[in-house]
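First up is the structure itself, then whatever we jot down about it.
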Amino acid sequence: MTFTMSDYELLQAALETVREAVLITDNQLDRPGPFIVYANPAFSELTGYTAQELVGKTPRLLQGVDTDAVLMQTLRKQLLAGEVFSGETVNYRKDGSAFRMQWTIRPFPATGQPRYFIAAQRDVSVMRTLEQQRQQLQALVEIQTRVGTAGLDLQAMRDQVAEVALVVTGAEGAAVEEAEHGEMVYTACSGKAAGSLGLRLPVVGSLSGTCYLQRESIHCRDTHKDPRVARVAADKVGFRSGLLVPLTHKQHCFGVLKVYSAQPDAFSDGDMKLLNMASQLLASSLADARIFKGERDRRSLLVDSLPMLISFVDLQLCYREINVAYTRWYNRPIEQIVGKGVADVMGQAQFNAIEHYMLSALSGERVTFEFHLLQADGTVKPVEVDYTPVLSGQGDVQGFYEMIRDISDRKHAEQDYLTGAFNRKGFDDRLEMVCTTARRYRRPFALIFLDVDHFKKVNDRFGHAAGDDVLRTLVKVLLSKVRDSDIVCRWGGEEFAILAPETSMAEALDLAERLRLALSQHQFATVGQITASFAVGEFDHEESGQAFVNRVDDALYDAKVAGRNRVAPAN
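Quick note: the sequence shown uses the UniProt record's numbering, first residue 1, plus one each step.
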């Protein structure tokens, strides 16, 4: 079969319309090559580089400090052997931000000496983050279960803490070190550290002592390159790389939890994050075992010490296990929550708003969403909710773990200082989350953009203070008309955006028209009446969030060009 020029034009057009990032290089694998000969628009969107900036350059410009050097060597060997390569590592965009990239590279032609290498790539950062969060939640539950078996005996508790730390991080050795008379004493050991019980290190001049004194976690990638390490003692126990976290309870640090390996750089940042989370639980349990000596009840305070609500919900949507945070949040004793239906505890109205998420979890889906949760005193706080299904050995869903985090501080950081609406960062974060949810469950989702008409004239005539008051009042009007689940954001200047989950195009057009009328009829202080131009779009599950935003933003321009004070649908 002979290809004509129109055939090549057709192939190029096809590459430029696919959503997967595609990169083509020449066959020069030796430095400074290979060199890029083609990058499709999806690749430019993924990396931030234009095609003009990429052609003639080497793909190595995407690599950085966390790119897996061993994997890149494997890639080279396989391509030299004429094999197809598949892998995953960290790459970097033009702005320096890192992302997790999964890609496949094929030689072309497939037989003989290749002339080109064709790479298909995709960003799997969100997927890997969700997987890591699920693993961490399961690990925390495992920690609670295992440490709970230590009962009320202090030494049994120490031993279990060391063993749990060893298991959840995959370390070779683990130790609990407690401060005693100017020294750090190994009070419990596990793995290769088992023979080091009673080992003493100076507080001053040791890595453990530094962690204890500064109350800060330490990720030591190589003891041979870290001047803070007591090298002789480290080599004696086979400590070449490790993680150290302070054991702190109620502002009192009584020791250090350490895991280590005989290999350099054996632990990831994810291991450190998990150990930090676990240390709060472990420190609480150790402290209580030391202080109360047998006054602990069967429920472990490991999970109770977490600054979040954790529960297990069964198939009948009843609470079977909860942590103490639940009793504080709802101001009820444990017996008035455990065994009760979720609707009975949180209230029917709030339950109705999230029931479909719970049913999704019971169908085997992992669910994450944001919600405004009512407390016993009537206050409402923004929270992030995570449901993780629990499966039997046969794969049947038995219920789900629920983890609820108060995100008030994060919300404040994402709040526009002038209007109180979400700022651009808040918009971007929620756009990604809502798009992912809508795409996964094939649910409708709409976006509304609006821009105040002739706002510059308002500032010029009445002053910026009056203009600021218009923007503050405008947000109040919007919030009074939208649903609690809708997200109002200040996109920038006098332009605003509304994310409307579970909303079709027809419903969004109706909402936009009601908002337009409400603004045009409102009497603004000093200024009087104003109008705004609107654009509405419904999310296409096959498009990216940025493409969706661009599409609706184009429609907003159409509304303004067409005469303003109107609603324009996005194509």
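Where is the CB? At the ideal position from N, CA and C, for every residue including glycine.
Do the stretch 366-384 and the stretch 327-341 touch if we need at least three Cβ pairs shorter than 8 Å?
Contact holds: three or more Cβ-Cβ distances are below 8 Å.
Grab me the residues of residue 80's own chain with a C-beta within less than 8 Å of its C-beta, minus the 5 sequence neighbours each way, in chain order.
Taken in chain order, the residues that qualify are 29.
Separation of residue 66 from residue 269, as counted between CA atoms:
Spanning the two alpha carbons is a distance of roughly 11 Å.
Relative to the alpha-carbon of residue 57, which residue among 36, 463 and 76 has its alpha-carbon at the smallest distance?
Comparing Cα positions, the closest option is 36.
CB contact flag (residue 427, residue 497, <8 Å):
The answer is yes: Cβ separation under 8 Å.
Who are the Cβ neighbours of residue 351 in its own chain at under 7 Å, not counting the five residues just before and after it?
The beta carbon of residue 351 sits closer than 7 Å to those of 342 and 343, all from its chain and outside the five residues before and after it, given in chain order.
Would you call residue 534 buried or exposed, if buried means 16 or more other Cβ atoms sit within 10 Å of its Cβ?
Taking all protein chains shown into account, residue 534 has 16 or more neighbouring C-beta atoms within 10 Å of its C-beta and is therefore buried.
Straight-line Cα distance separating residue 550 from residue 247
Answer to the nearest angstrom: the Cα atoms are 49 Å apart.
Counting along the chain, where does the alpha helix (DSSP H) carrying residue 429 start and finish?
Taken as a continuous stretch (DSSP letters only), the alpha helix (DSSP H) holding residue 429 covers 424-441.
Can you check whether the CB of residue 397 is closer than 8 Å to the CB of residue 389?
Going by C-beta atoms, residue 389 is nearer than 8 Å to residue 397.
Assigned secondary structure, residue 334 (DSSP; H/G/I helix, E/B strand, else coil):
Annotated three-state conformation of residue 334 is helix, per DSSP.
Close-in-space but distant-in-sequence residues of the same chain around residue 267 (CB under 6 Å, 5 per side omitted):
Excluding residues within five positions, the ones whose Cβ falls inside 6 Å are 243.
Is the beta carbon of residue 41 less than 8 Å from the beta carbon of residue 20?
With respect to residue 20, residue 41 sits apart: the two C-beta atoms are not nearer than 8 Å.
Looking at chain D, is there any beta carbon in it that lies within less than 8 Å of the beta carbon of residue 399?
In the structure shown, chain D cannot be found, because there is only a single protein chain.
Quick check on residue 108: buried or exposed, where buried means 16 or more other Cβ atoms within 10 Å of its Cβ?
Its Cβ having fewer than 16 others within 10 Å, residue 108 is exposed.
Out of 84, 262, 61 and 73, which has the shortest C-alpha to C-alpha gap to residue 119?
When 84, 262, 61 and 73 are compared, the shortest CA-CA separation from residue 119 is found for 84.
Considering residue 37, what are the terminal residues of the alpha helix (DSSP H) in which it resides?
Premise fails: residue 37 lies in the beta strand (DSSP E), 36-39, not in any alpha helix (DSSP H).
Would you list the residues sitting across from residue 103 in a DSSP beta bridge?
Its beta-bridge partners are 87 and 121.
Starting from residue 318, follow the alpha helix (DSSP H) in both directions and report where the run begins and ends.
Counting along the chain, residue 318 falls outside any alpha helix (DSSP H), and DSSP gives it neither H nor E.
How about residue 446 and residue 537: do their beta carbons lie closer than 8 Å?
It is a contact, given that the beta carbons lie within the stated cut-off.
Please report how far the alpha carbon of residue 260 lies from the alpha carbon of residue 435, in whole angstroms.
Just so you know, the alpha carbons of residue 260 and residue 435 end up roughly 41 Å apart.
Quick check: the stretch 215-229 against the stretch 173-191, are at least 3 beta-carbon pairs closer than 8 Å?
Cβ pair count under 8 Å is below three, so no.
Do residue 209 and residue 184 come within 8 Å of each other at the CB atom, strictly closer than that value?
Judged by their CB atoms, residue 184 and residue 209 are nearer to each other than the 8 Å cut-off.
Tell me whether residue 180 is buried or exposed, calling it buried when 16 or more other Cβ atoms sit within 10 Å of its Cβ.
Label assigned to residue 180: exposed.
Cβ-based burial, residue 279 [other Cβ within 10 Å; buried from 16]
With a 10 Å radius around the Cβ and a threshold of 16 neighbouring Cβ atoms, residue 279 comes out buried.
Put residue 351 into one of helix, strand or coil per three-state DSSP.
Under the three-state reduction of DSSP output, residue 351 falls in the helix class.
Which residue wins for smallest C-alpha separation from residue 408, given the options 45, 380, 548 and 155?
When 45, 380, 548 and 155 are compared, the shortest CA-CA separation from residue 408 is found for 380.
Measure the alpha-carbon distance for residue 300 versus residue 307 and round it to whole angstroms.
Confidence at residue 300 is low in this model, with a pLDDT of 47, below 50, so its placement is unreliable and the value that follows should be read with caution. Each residue's alpha carbon lies about 15 Å from the other.
Measure the C-alpha to C-alpha separation of residue 237 and residue 176 and round it to an integer number of angstroms.
Whole-angstrom Cα-Cα distance: 14 Å.
Ignore the nearest five residues each way along the sequence and tell me which others in residue 450's own chain have a CB closer than 6 Å to its CB.
Around residue 450: 496, 532 and 534.
Pick from 26, 347, 182 and 165: whose alpha carbon is nearest that of residue 281?
That would be 165, whose Cα lies nearest to the Cα of residue 281.
If we call anything under 8 Å between Cβ atoms a contact, is residue 168 one with residue 211?
With respect to the 8 Å criterion, residue 168 and residue 211 are not classified as neighbours on the basis of their beta carbons.
Using C-beta distances below 8 Å, list every residue in its chain close to residue 553, excluding the 5 sequence neighbours before and after it, in chain order.
Excluding residues within five positions, the ones whose Cβ falls inside 8 Å are 449 and 535.
So what's residue 452 in DSSP terms, helix, strand or just coil?
Of the three classes helix, strand and coil, the one that applies to residue 452 here is strand, per DSSP.
With 16 other Cβ atoms within 10 Å as the buried cut-off, status of residue 570
It counts as buried.
In this structure, does DSSP put residue 269 in helix, strand or coil?
Secondary structure at residue 269: helix, using DSSP grouped into helix, strand and coil.
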